[in-house]
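A.B. asks: Let me begin by handing over the structure; questions about it come next.
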Amino acid sequence: MFEKIWARHVVTEGPGGHVLLYVGRHLLHEGATGALGRLAAEGRRVRRPDLTFATADHFLPTAPGAVATDPEIVGMVDGLARHTGAQGIVYFGVGDPRRGIVHVIGPEQGLTLPGTTLVCGDSHTATHGAFGALAFGIGSTEVEHVLATQTLWQTKPRALRVTVEGRLGLGVTAKDVILALIARIGAAGGVGHAIEYAGSTIRVMSMDERMTVCNMSIEAGARTGMVAPDETTFAWLEGRPFAPRGEAWARALADWTTVPSDPGARFDREVALAAGDVAPTVTWGTSPQDALPITGRVPDPAAAGDPARRASMARALAYMGLRPGTPLGEIAVDRVFIGSCTNSRLEDLRAAARVVRGRRAVVPAWVVPGSGLVKRAAEAEGLDRVFVEAGFEWREAGCSMCVGMNGETAREGERVASTSNRNFEGRQGKGARTHLVSPAMAAAAAVAGRFVDVRTLGG
Amino acid sequence: MQPFTTLTAVAAPLDLPNVDTDRIIPARFLAKPRGAPGYARFLFHDVRFEADGAEQPEFVLNRAAYRGAKILVTAENFGCGSSREMAVWALEAWGIRAVIAPSLGDIFHQNCFKNGLLPVILPADAAAGLRSQLHARPGATLTVDLEAQTLTAPDGARHRFEVDPFRKQMLLTGQDEVALTLGHEGAIAAFERRLASGAPWLVPQAGG
Ligand code: SF4
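Protein chains in written order, with our numbering: chain A, 451 to 909; chain B, 84 to 291.
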């Protein structure tokens with residue numbers, strides 16, 4: 451699949467295995483304001499404004515009714531509105547219900563299509579690979595290059611197939627699958643590779659679940675992750691605002707059915723995972739690879755053979771304020787964050803709400819929907835009331851505490867159960883301690899005040 | 084872009100694996116314009132400085148012998164995580180021109196090339212050997228020769244490294260990549276014509 455999509459987007463070949471790859475979709479967020487400004491300063495136009503779409507997600511506040519006041523943030527967001535307007539780019543801006551996290555709204559609007567290439571100046575762009583698109587994150591200079599040329603110079607990554615077979619147990623989610631995979635292959639395990647997720651477990655996953663899996667491919671170091679498009683994909687896309695319609699839809703469908711890998715396709719590397727071995731998972735350290743089943747204990751650095759590994763584990767535990775041997779289920783949390791491009795879609799919110807219903811949060815807990823439309827849909831089902839009645843804060847769409855660029859951070863030393871994708875030192879605020887979990891596990895932590903095996907909570 | 088040819092400079096060792104770009108430049112500095120006054124101070128900010136702003140004396144770049152470092156020798160997967168190019172801008176603002184590692188985060192690796200910083204990939208044992216020499220002899224220098232693709236260690240040993248020939252050329256000349264690509268205008272336009280007839284559904288017709 452990866453090979454096919456790659457081959458059909460090669461514009462020309464350059465030296466040393468480089469190809470000029472055509473970009474089918476370019477998504478922008480306010481981080482692109484600098485690149486748009488540089489382009490304008492050079493007197494260049496955006497080559498394909500019709501294939502470029504923008505939103506604001508990283509820096510906007512998500513407190514209900516809040517508006518950005520920091521002059522640097524206001525400058526960035528206003529700059530994005532001005533530049534996209536001048537260049538004729540569709541912009542889902544402040545006040546537009548379609549605004550949201552770029553990786554949530556791309557699919558939601560039908561911008562993400564099978565068999566295409568999609569880039570964005572954000573490392574979690576692989577999320578869109580769930581649709582069988584070749585999607586990857588790029589840097590700011592590359593954003594400018596794509597704006598000007600609609601292409602990128604790329605070398606072909608190697609192909610890694612991850613096959614997940616079997617049924618996930620009750621309470622075990624897509625988030626647990628990807629955390630278990632990263633724990634297995636390591637945070638650098640996928641460097642230089644494009645991952646294709648296959649197997650019966652992936653096949654029965656919904657689009658929301660597939661997006662969660664693909665989203666965290668970068669945390670395994672991979673350039674991208676993807677799932678072959680199938681009936682689930684097509685049914686999800688049909689009728690989306692920017693998806694093809696009528697005769698164009700029929701033509702597109704005929705094309706998309708040729709996208710999946712042929713039986714017998716060769717991969718440079720293969721990894722297999724058994725769904726039955728995956729349990730609700732919690733990270734204990736400061737890399738997404740530091741993940742263990744909730745039934746486990748904080749590991750002991752002394753048991754690590756490699757001295758470098760021992761040192762980095764010891765540092766992680768010192769930062770996280772954890773002692774070796776502590777059962778993960780005895781770790782108290784100070785705060786809960788449900789959101790981010792990994793887990794802020796309707797199904798994520800439903801899963802969290804199922805756990806929350808009839809219970810009460812005993813620590814501060816936020817729910818930040820991935821987009822204005824996710825928020826509306828959740829409200830139409832009454833999920834907002836479930837959360838609010840349980841003492842959760844129901845907020846506006848955005849990245850929020852996933853990264854804290856907008857100032858929404860946890861305090862120093864605070865321990866956060868978070869549905870986001872990075873538990874790096876300082877990711878959610880200076881000195882904040884992040885544990886990555888699924889939405890159901892985050893909700894369970896909020897009502898229990900500690901990590902708890904969601905399977906033991908009961909209906 | 085500033086070209087890169089050869090560089091002889093003090094190198095600083097950084098032993099931790101998986102140093103992510105959030106650690107290289109914390110999120111709260113990302114709204115600052117590139118080259119803003121004090122940009123160099125953002126580099127590794129939260130590990131370099133105490134809460135009161137005082138320098139953390141143990142951190143390698145705060146030690147007298149390494150203050151003039153223009154080269155970083157790191158462990159596995161340096162620059163992983165967020166795509167923020169500001170990580171490279173902060174390194175550059177501080178004065179770093181080359182990063183030597185057993186492996187690098189993919190986007191960070193590309194971002195280095197775009198900003199005149201040379202990323203050098205060495206086998207893990209060679210990188211570890213370099214780091215221990217730099218620990219043993221603080222302030223020792225390394226020489227990187229991009230044209231010859233060699234790196235000379237403090238002990239005089241020479242390591243050859245591989246570098247993508249295309250990126251090498253761009254670095255040696257400091258060429259503007261957009262201008263280079265626009266030189267392929269004919270091929271891009273031809274591709275777009277094929278796309279318009281072969282996959283017309285790709286261009287969204289109606290919106291909203
Ligand atoms: S939600 Fe988090 S990871 Fe996703 S795009 Fe926003 S900041 Fe990045």
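Cβ coordinates follow ideal geometry from the N, Cα and C atoms, glycine included.
Would you please verify whether the beta carbon of Gln193(B) is less than 9 angstroms from any beta carbon of chain A?
C.D. replies: Gln193(B) counts as touching chain A.
A.B. asks: Can you list, in chain order, the residues of its chain with a C-beta nearer than 6 angstroms to that of Ala860(A)? Leave out the 5 residues immediately preceding and following it.
C.D. replies: Cβ within range, chain order: Arg785, Val866, Gln878, Gly879, Ala882.
A.B. asks: Excluding the 5 residues preceding and the 5 following Gly291(B) in the sequence, name in chain order all residues of the same chain whose CB lies nearer than 6 angstroms to its CB.
C.D. replies: Residue confidence for Gly291(B) is low, a pLDDT of 44 falling below 50, so the modelled location carries little weight and cannot support an answer.
A.B. asks: Could you tell me how far apart the beta carbons of Arg813(A) and Ile788(A) are, in whole angstroms, since I believe they sit closer than 8 angstroms?
C.D. replies: Before going further, note that residue 813(A) is Val rather than Arg in the sequence given. Not confirmed; about 13 angstroms, so no contact.
A.B. asks: How about Cys849(A): is its Cβ closer than 8 angstroms to a heavy atom in the ligand SF4?
C.D. replies: Yes, since a heavy atom of the ligand SF4 falls inside the 8 angstroms radius drawn around the Cβ of Cys849(A).
A.B. asks: Identify the contact partners of Leu99(B) in chain A, using a Cβ-Cβ distance below 9 angstroms as the criterion.
C.D. replies: The contacting residues are Ala758, Ala761, Ser762, Arg765.
A.B. asks: Determine the burial state of Thr708(A): buried for a count of at least 16 other Cβ atoms within 10 Å of its Cβ, exposed for fewer.
C.D. replies: Exposed, by the Cβ-count rule.
A.B. asks: Do Leu584(A) and Trp456(A) have their C-beta atoms closer together than 9 angstroms?
C.D. replies: Yes, they are a contact pair.
A.B. asks: Sort out for me which residues DSSP pairs Trp603(A) with in a bridge.
C.D. replies: Partner(s): Leu470(A).
A.B. asks: Report the start-end ranges of each alpha helix (DSSP H) in the region 236-285 of chain B that is 4 residues or longer and not cut off at the edges.
C.D. replies: Fully enclosed alpha helix (DSSP H) runs of 4 or longer: 248-256, 260-265, 268-281.
A.B. asks: Verify the CB distance criterion: does Gln258(B) have a CB-CB separation below 9 angstroms to chain A?
C.D. replies: By this cut-off, Gln258(B) is not an interface position.
A.B. asks: Could you check the C-alpha separation between Arg277(B) and Pro283(B) for me, to the nearest Å?
C.D. replies: Distance between the alpha carbons of Arg277(B) and Pro283(B): 9 angstroms.
A.B. asks: What residues from chain B crowd round Ile523(A), counting only those whose CB sits closer than 9 angstroms?
C.D. replies: Per Cβ cutoff of 9 angstroms: Ala114.
A.B. asks: Does any residue of chain B bring its CB to less than 9 angstroms from the CB of Ile588(A)?
C.D. replies: So, interface residue.
A.B. asks: Please work out which residues of its chain come closer than 8 angstroms, Cβ to Cβ, to Val806(A), disregarding the five sequence neighbours upstream and downstream, and give them in chain order.
C.D. replies: Taken in chain order, the residues that qualify are Val836, Phe837, Ala840, Phe842, Ala893, Ala896, Val897.
A.B. asks: Where Asp259(B) and Gly484(A) are concerned, what is the direct C-alpha to C-alpha distance, given to the nearest angstrom?
C.D. replies: Cα to Cα, Asp259(B) sits roughly 17 angstroms from Gly484(A).
A.B. asks: Relative to the alpha-carbon of Gly579(A), which residue among Ser650(A), Thr534(A), Arg826(A), Asp658(A) has its alpha-carbon at the smallest distance?
C.D. replies: Of Ser650(A), Thr534(A), Arg826(A), Asp658(A), the residue nearest in Cα terms is Asp658(A).
A.B. asks: At 9 angstroms on the CB atoms, spell out the chain B contacts of Tyr472(A), in chain order.
C.D. replies: By Cβ distance, chain B contributes Ile271, Phe274, Glu275, Leu278.
A.B. asks: Strictly below 7 angstroms CB to CB, what residues from chain A border Arg131(B)?
C.D. replies: Here the premise fails: no neighbours, minimum Cβ distance about 12 angstroms.
A.B. asks: Would you please state the rounded distance, in angstroms, between the beta carbons of Gly735(A) and Leu778(A)? I believe it to be under 8 angstroms.
C.D. replies: Not quite, the Cβ-Cβ distance comes to about 12 angstroms (not below 8 angstroms), so this is no contact.
A.B. asks: Tell me the DSSP bridge mates of Arg747(A)?
C.D. replies: Paired residue(s): Pro777(A).
A.B. asks: Relative to chain B, which residues along the region 551-581 of chain A have a C-beta separation below 9 angstroms, given in chain order?
C.D. replies: Hits within the stretch, in order: Gln559, Gly560, Leu561, Leu563, Gly565, Thr566, Cys570, Gly571, Asp572, Ser573, His574, Thr575.
A.B. asks: Would Val723(A) and Val732(A) qualify as a contact pair, given that the criterion is a beta-carbon distance under 9 angstroms?
C.D. replies: In the sequence on display, residue 723(A) carries Leu and not Val. No; because the gap between Cβ atoms is not below 9 angstroms, this pair is not in contact.
A.B. asks: Since Thr977(A) contacts Leu471(A) with CB under 8 angstroms, what's their CB separation in whole angstroms?
C.D. replies: This structure cannot speak to residue 977(A), because chain A is shown only from 451 to 909.
A.B. asks: Please name the residue, chosen from Thr502(A), Ala513(A), Ala811(A), Pro564(A), that lies closest to Arg701(A) on a Cα-to-Cα basis.
C.D. replies: Answer by Cα proximity: Pro564(A).
A.B. asks: I'd like to confirm something about Gly872(A): is its beta-carbon nearer than 8 angstroms to some heavy atom of the ligand SF4, or not?
C.D. replies: For the record, residue 872(A) in the displayed sequence is Arg; it is not Gly. Within the cutoff, so yes.
A.B. asks: Please determine if the region 221-232 of chain B and the region 100-115 of chain B are in contact, where contact requires at least 3 C-beta pairs separated by less than 8 angstroms.
C.D. replies: The answer is no - the region 100-115 of chain B does not touch the region 221-232 of chain B, with fewer than three Cβ pairs under 8 angstroms.
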